[in-house]
């Protein structure tokens with residue numbers, strides 16, 4: 012344990028003398044926390060981070076097409092494993108950096124109750140959720156509707172977003188009265204949650220384990236290695252949990 016605690020500062024200190032830049036592909040739900048992590052990581056290491064955000068499915072397609080990303084922070088555990096199997100990521104480098112929580116949210120106070128009964132009350136015209144084929148949070152939202160027996164009944168009201176960030180924007184702008192989003196999008200540290208939401212029980216959808224992986228384009232990057240080490244550190248883990256992710 013002592014070796015691990017000592018090793019990380021040494022790695023960051025050594026990296027600071029040879030500052031570099033790392034390009035990170037980040038799942039849309041994690042952009043807020045990643046921006047804060049980038050600040051603290053750069054201050055500790057001297058390395059700079061460039062963030063490219065999108066749905067995990069779209070980022071996967073871009074990586075396969077040769078996008079120069081060096082690290083992927085996915086919204087699932089399947090995509091990093093798949094990239095390793097296909098030769099686009101480094102074997103053994105993947106690990107879970109966060110476990111996401113899905114919420115049903117509205118920008119309107121009082122619209123969403125603590126048990127999600129609003130879904131059956133017809134008090135809304137549009138329900139936003141991310142594309143289940145591209146976004147793990149969209150897939151989880153579809154699982155919730157299936158578990159509640161509402162998938163067919165609510166299909167005419169569903170507004171499909173490309174990713175969870177767009178689903179959030181649909182609700183924030185009022186284009187949809189409510190939608191399925193990540194808890195991290197509506198409950199950030201130091202910022203009280205606005206509107207109303209239902210924290211969906213884990214029993215209604217599969218656990219959203221979000222994995223990081225070193226991509227082959229970053230195999231020789233000191234900055235990429237330092238970032239992955241930093242994501243496992245106590246300060247980074249505390250920050251991630253402060254955004255509503257499960258440990």
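Residue numbers (my numbering): 12 to 258.
Cβ atoms here follow ideal geometry from the backbone N, Cα and C, with glycine treated the same way.
Expressed to the nearest angstrom, what Euclidean distance is found between the alpha-carbon atoms of residue 236 and residue 111?
For this step, residue 236 is matched to residue 225 along the chain shown. For this step, residue 111 is matched to residue 100 along the chain shown. The straight-line gap from Cα to Cα measures roughly 24 Å.
Would you please state the rounded distance, in angstroms, between the beta carbons of residue 223 and residue 123? I believe it to be under 8 Å.
Position 212 of the chain shown, counted from the first residue, corresponds to residue 223. Position 112 of the chain shown, counted from the first residue, corresponds to residue 123. Contact doesn't hold; Cβ gap of about 31 Å is too wide.
Got a sec? Which residues, its chain only, sit under 8 Å from residue 12 by beta carbon, not counting five neighbours each side?
What you label residue 12 is simply residue 1 of the chain shown in a count that begins at 1. The predicted model places residue 12 with a pLDDT of 39, which falls under 50 and marks its position as unreliable, so this point remains unresolved.
Taking all protein chains shown into account, do 16 or more other C-beta atoms lie within 10 angstroms of the C-beta of residue 132, making it buried, or fewer, making it exposed?
Taking the first residue of the chain shown as 1, we reach residue 132 at position 121. Counting the other CB atoms within 10 Å of its CB gives residue 132 a total below 16, which places it among the exposed residues.
Bridge partners for residue 221 per DSSP, in chain order?
Position 210 of the chain shown, counted from the first residue, corresponds to residue 221. According to DSSP, which records beta bridges pairwise, residue 221 is partnered with 109.
Could you tell me which uninterrupted alpha helix (DSSP H) segments, each at least 4 residues in length, are contained entirely in the segment 45-107, listed from first to last along the chain?
67-75 and 89-96
Assign residue 106 to buried or exposed, taking buried as 16 or more other Cβ atoms, counted over all protein chains shown, within 10 Å of its Cβ.
Here residue 106 refers to the residue found at position 95 of the chain shown. Exposed is the call here.
Pull the bridge partners of residue 190 from the DSSP assignment, please.
To locate residue 190, count along the chain shown from 1; it is residue 179. DSSP output for residue 190 lists 116 and 139 as bridge partner(s).
Would you kindly work out how many angstroms separate the C-alpha atoms of residue 18 and residue 52, rounded to a whole number?
For this step, residue 18 is matched to residue 7 along the chain shown. For this step, residue 52 is matched to residue 41 along the chain shown. Residue confidence for residue 18 is low, a pLDDT of 42 falling below 50, so the modelled location carries little weight; the figure read from the coordinates is stated next. Looking at the two C-alpha atoms, the distance is approximately 15 Å.
Is it buried or exposed, residue 44, if we count other Cβ atoms within 10 angstroms and call 16 or more buried?
Numbered from its first residue, the chain shown carries residue 44 at position 33. So residue 44 ends up on the buried side.
Let me make sure I understand the geometry here. Which of 58, 139, 241 and 227 has the alpha-carbon closest to that of residue 113?
To locate residue 113, count along the chain shown from 1; it is residue 102. In terms of CA proximity to residue 113, 139 leads the group 58, 139, 241 and 227.
Secondary structure at residue 7, three-state DSSP: helix, strand or coil?
Given a span of 12 to 258 for the chain in the structure shown, any question on residue 7 remains unanswerable.
Please list, in chain order, all residues of the same chain as residue 119 whose beta carbon is under 7 Å from its beta carbon, the five residues on each side excluded.
Here residue 119 corresponds to residue number 108 of the chain shown, with the count starting at 1. Contacts found: 188, 206 and 207.
In this structure, does DSSP put residue 226 in helix, strand or coil?
Taking the first residue of the chain shown as position 1, residue 226 is located at position 215. Three-state DSSP puts residue 226 in a strand.
Identify the continuous alpha helix (DSSP H) that holds residue 153 and give its terminal residues.
Position 142 of the chain shown, counted from the start, is the residue given in the question as residue 153. Here the alpha helix (DSSP H) through residue 153 covers 147-158.
Could you check whether the Cβ of residue 156 sits closer than 7 Å to any heavy atom belonging to the ligand FMN?
Annotation note on the ligand FMN: not contained in the displayed structure, which lists no ligands.
Whether or not the segment 90-106 and the segment 167-178 are in contact is what I'm after, with contact meaning three or more pairs of Cβ atoms, one per stretch, closer than 8 Å; do they touch?
no
Please report the straight-line C-alpha distance between residue 109 and residue 71, rounded to a whole angstrom.
Residue numbering aside, residue 109 sits at position 98 when the chain shown is read from its first letter. Residue numbering aside, residue 71 sits at position 60 when the chain shown is read from its first letter. Straight-line Cα distance between these residues: approximately 19 Å.
Once the 5 residues before and after residue 63 are set aside, which same chain residues still bring their CB inside 6 Å of it?
Looking up residue 63 in the chain shown gives position 52. Result list for residue 63: 36, in chain order.
Name the DSSP bridge partner or partners of residue 37?
The sequence position of residue 37 within the chain shown is 26, counting from 1. Paired residues: 64 and 84.
Using DSSP with H/G/I as helix, E/B as strand and the rest coil, what is residue 16?
Sequence index remark: in the chain shown, residue 16 carries index 5 (1-based). In this predicted model, residue 16 has a pLDDT of only 38, less than 50, meaning its place in the structure is not dependable enough to derive any value.
Helix, strand or coil for residue 172, going by three-state DSSP, please let me know.
Counting from one through the chain shown, the residue named residue 172 turns up at place 161. Residue 172: strand per DSSP, three-state reduction.
Going by DSSP, which residues form a beta bridge with residue 210?
To locate residue 210, count along the chain shown from 1; it is residue 199. The partner list for residue 210 (beta bridge, DSSP) reads 114.
Taking 8 Å as the threshold (C-beta atoms), are residue 39 and residue 175 in contact?
As a position in the chain shown, residue 175 is number 164, starting the count at 1. As a position in the chain shown, residue 39 is number 28, starting the count at 1. Cβ distance < 8 Å, so residue 175 and residue 39 count as in contact.
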